[in-house]
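Chemist:
In full-length UniProt numbering, the protein residues as written are 1 to 422.
1) Under the DSSP definition of a beta bridge, which residues are partnered with residue 353?
2) Counting pairs of Cβ atoms below 8 angstroms between the segment 245-260 and the segment 353-364, do you hit three or more?
3) Can residue 397 and residue 415 be called in contact, C-beta distance under 8 angstroms?
4) For residue 271 and residue 309, what's the separation of their Cα atoms in angstroms?
5) Identify every residue that forms a DSSP beta bridge with residue 412.
6) Could you pull the start and end residues of the alpha helix (DSSP H) that residue 295 belongs to?
7) Starting from residue 26, trace the alpha helix (DSSP H) both ways and give me its first and last residue.
8) For residue 284, count the other beta carbons within 10 Å of its own beta carbon; 16 or more makes it buried, fewer makes it exposed. Which is it?
9) From residue 37 to residue 172, what does the alpha carbon distance come to, in whole angstroms?
10) Could you say if the segment 77-84 and the segment 112-121 meet the contact criterion of at least three C-beta pairs nearer than 8 angstroms?
11) Does DSSP put residue 243 in a helix, a strand or coil?
12) Could you tell me the alpha carbon to alpha carbon distance between residue 301 and residue 199, rounded to whole angstroms?
13) How would you write the range of the alpha helix (DSSP H) that residue 335 sits in, first residue to last?
14) Look at the alpha carbon of residue 31 and the alpha carbon of residue 207, and state the distance between them as a whole number of angstroms.
15) Are the beta-carbon atoms belonging to residue 329 and residue 356 less than 8 angstroms from one another?
16) Checking the sheet assignment: what are the DSSP bridge partners for residue 360?
17) Three or more beta-carbon pairs under 8 angstroms between the segment 303-317 and the segment 210-217, yes or no?
18) I need the boundaries of the alpha helix (DSSP H) containing residue 301, first residue and last residue.
19) Take every Cβ of the segment 321-328, pair it with every Cβ of the segment 345-356, and state whether three or more of those distances are shorter than 8 angstroms.
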């Protein structure tokens with residue numbers, strides 16, 4: 001019955017900091033990193049106008065178009081963490097003016113957006129984004145080559161020459177995009193795996209905390225039942241014995257002394273049981289306290305004898321051979337103790353109190369008395385019967401308590417065959 005001390009739950013420690021000062025800085029200042037990425041990509045998109053090229057310089061009007069497209073793509077790239085799919089779609093659409101430029105350069109923003117799509121969305125989204133980017137760049141290459149070669153379309157080699165030159169650039173572009181997807185999948189997979197581990201650990205911690213709270217609640221309920229049974233029984237017996245000792249103190253001193261001795265024994269036994277229930281085994285200052293084991297069926301005779309000394313006319317009958325666990329024995333003991341305590345406290349001049357325990361099919365405890373109904377003002381709170389029902393429910397049983405027609409009271413606790421150990 002003594003509860004083992006619960007293992008202390010260690011609080012979850014902080015996650016280890018990312019290795020390397022760059023990762024630590026990125027983890028601590030994500031928005032600064034986002035701004036740097038957008039600025040670098042924006043500068044990279046505009047720098048292509050200063051690159052040497054074997055074709056004519058791009059028209060003057062193309063520069064502001066590319067600036068506006070790069071600015072819009074930069075804003076979309078800023079939100080790539082929270083909205084990776086819309087960000088990628090906007091960047092892909094804004095990359096068309098740069099890819100259509102005569103120099104045909106790599107779109108850095110498209111590469112960064114595709115990387116973010118793989119990291120913050122999923123591997124499947126990364127592959128779909130790569131296919132969409134490749135299809136869009138090829139379409140831009142074909143259309144742009146046709147537009148540029150249209151004035152000299154009579155020269156059959158012009159379109160093929162321009163298209164071939166753009167294919168060389170697009171091959172490099174596709175290689176960078178593929179690398180961005182593969183790296184993004186690796187980084188995103190690691191992030192999702194770590195997030196799953198952290199979520200699993202937090203769920204385990206929540207489950208452990210919930211189990212601990214349930215265990216504490218169950219232990220409190222157990223202690224409440226035990227304390228009620230011990231205190232209610234002991235005080236009722238001691239009060240009745242004290243009244244008896246007072247009534248014979250002058251006429252029979254020896255009998256009064258015997259009753260007082262029984263009061264002291266009952267009090268000491270109750271104190272020992274209280275210590276056992278509360279788990280006060282030994283804290284360094286109570287080495288001498290001898291703790292009795294939990295009550296068993298063999299202790300019922302002693303229990304009934306104590307109640308008989310108070311004047312209760314008890315008839316005790318058992319049927320069958322008991323083969324039950326220690327827990328069931330304690331439940332039976334407490335049932336008899338509680339019902340006899342109630343009879344002692346509330347029964348009005350009973351002439352017979354019957355205690356019958358049947359072990360033939362499960363366990364059935366029946367306690368009856370032929371007293372008149374008690375006055376309403378002395379009826380108890382019912383906490384004892386609630387405790388009995390809780391004990392019976394632990395073993396799949398039930399408790400019935402009701403008045404007997406014509407006078408008296410009956411309490412029946414039934415435990416199913418599963419309560420037998422045999």
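Ideal placement from N, C-alpha and C gives every residue a C-beta, glycine not left out.
Modeler: Quick look at the numbers:
1) 314 and 369
2) Taking 8 angstroms as the limit for Cβ pairs, the verdict is that the segment 353-364 does not touch the segment 245-260.
3) Pairing residue 397 with residue 415 gives a Cβ-Cβ distance under 8 angstroms.
4) 20 angstroms
5) 366 and 400
6) Where residue 295 is concerned, there is no enclosing alpha helix (DSSP H), given that its DSSP letter is neither H nor E.
7) 21-28
8) The pLDDT assigned to residue 284 is 44, lower than 50, so where the model puts this residue is not dependable; a value taken from the coordinates is nonetheless given after this. So residue 284 counts as exposed.
9) 21 angstroms
10) yes
11) helix
12) Between the alpha carbons of residue 301 and residue 199 lies a gap of roughly 57 angstroms.
13) 326-346
14) 35 angstroms
15) In this structure, residue 329 sits away from residue 356, with a CB-CB distance that is not shorter than 8 angstroms.
16) BP columns for residue 360 are empty, so no partner.
17) no
18) 300-309
19) no
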